[in-house]
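First residue of the sequence shown: 81, per my numbering; consecutive thereafter. Just so you know, even glycine gets a beta-carbon here, dropped at the ideal spot from N, CA and C. Note that the structure is predicted; figures quoted are calculated from it, not measured.
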Amino acid sequence: MRPNPELALALLRVTTGLLFAWEGAQAIFLTGLNAETAQFTRLGVPLPLLTAPLCATLNLVAGVLLALGLAPRLQAAVLTLLGTALLAFQVQQGGLTSPLLETAAPLLVGGLAVAVGGGGQPSLDHLDRLGARPLAARPTPARPAPRRTR
Numbered sequence: 081m082r083p084n085p086e087l088a089l090a091l092l093r094v095t096t097g098l099l100f101a102w103e104g105a106q107a108i109f110l111t112g113l114n115a116e117t118a119q120f121t122r123l124g125v126p127l128p129l130l131t132a133p134l135c136a137t138l139n140l141v142a143g144v145l146l147a148l149g150l151a152p153r154l155q156a157a158v159l160t161l162l163g164t165a166l167l168a169f170q171v172q173q174g175g176l177t178s179p180l181l182e183t184a185a186p187l188l189v190g191g192l193a194v195a196v197g198g199g200g201q202p203s204l205d206h207l208d209r210l211g212a213r214p215l216a217a218r219p220t221p222a223r224p225a226p227r228r229t230r
């Protein structure tokens with residue numbers, strides 16, 4: 081079997097995106113935003129009433145977009161920065177714990193890999209490979225060349 085780095089990046093992108101989306105969905109629908117806000121308050125995160133719902137929503141939405149491959153480098157960079165900041169607050173308050181590392185490490189490494197290496201194919205950014213025009217690079221109408229006069 082030949083190496084296929086584009087497919088490997090796509091698998092990493094989809095898995096990382098779904099994990100981030102799951103974290104966001106869990107914070108919104110299972111744990112609840114009140115519990116998330118209380119946790120952010122305990123950790124000393126600034127403006128917990130704003131940042132807790134914002135982080136949960138961003139994890140959910142950007143995670144889905146990352147899994148689909150829509151602007152994957154941007155989505156991965158934003159999620160990695162967000163995750164790093166939250167990890168720093170948690171480490172500052174309670175140190176590194178095994179459950180924290182089991183969740184945070186794969187998310188951050190996967191997000192960083194996609195941010196650096198790209199999203200791979202197939203993705204929504206590469207629909208031209210499937211016979212459609214890519215979403216990110218629609219052709220612009222051609223302009224006629226200016227006429228030269230002597």
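| Asked | Found |
| --- | --- |
| Using alpha carbons as the reference points, say which of Asp-205, Arg-227 and Gln-201 lies closest to Leu-92. | Gln-201 |
| According to DSSP, is Leu-176 part of a helix, a strand, or is it coil? | coil |
| In terms of alpha-carbon separation, which member of Phe-120, Ala-142 and Asn-139 lies closest to Ala-132? | Phe-120 |
| Could you work out which residue in Ala-195, Gly-190 and Asn-139 is closest to Thr-96 when comparing CA atoms only? | Gly-190 |
| Asn-139: buried (16+ other C-beta within 10 angstroms of its C-beta) or exposed? | buried |
| Taking only the alpha-carbon atoms, compute the straight-line gap between Gly-198 and Gly-149 and give it to the nearest angstrom. | 10 Å |
| So, helix, strand or coil for Gln-106, using DSSP? | helix |
| Quick check: the Cα distance between Cys-135 and Arg-82, rounded to an integer number of angstroms? | 40 Å |
| Going by Cα to Cα distance, which pick from Leu-154, Thr-117, Val-125 and Phe-100 is closest to Asp-205? | Leu-154 |
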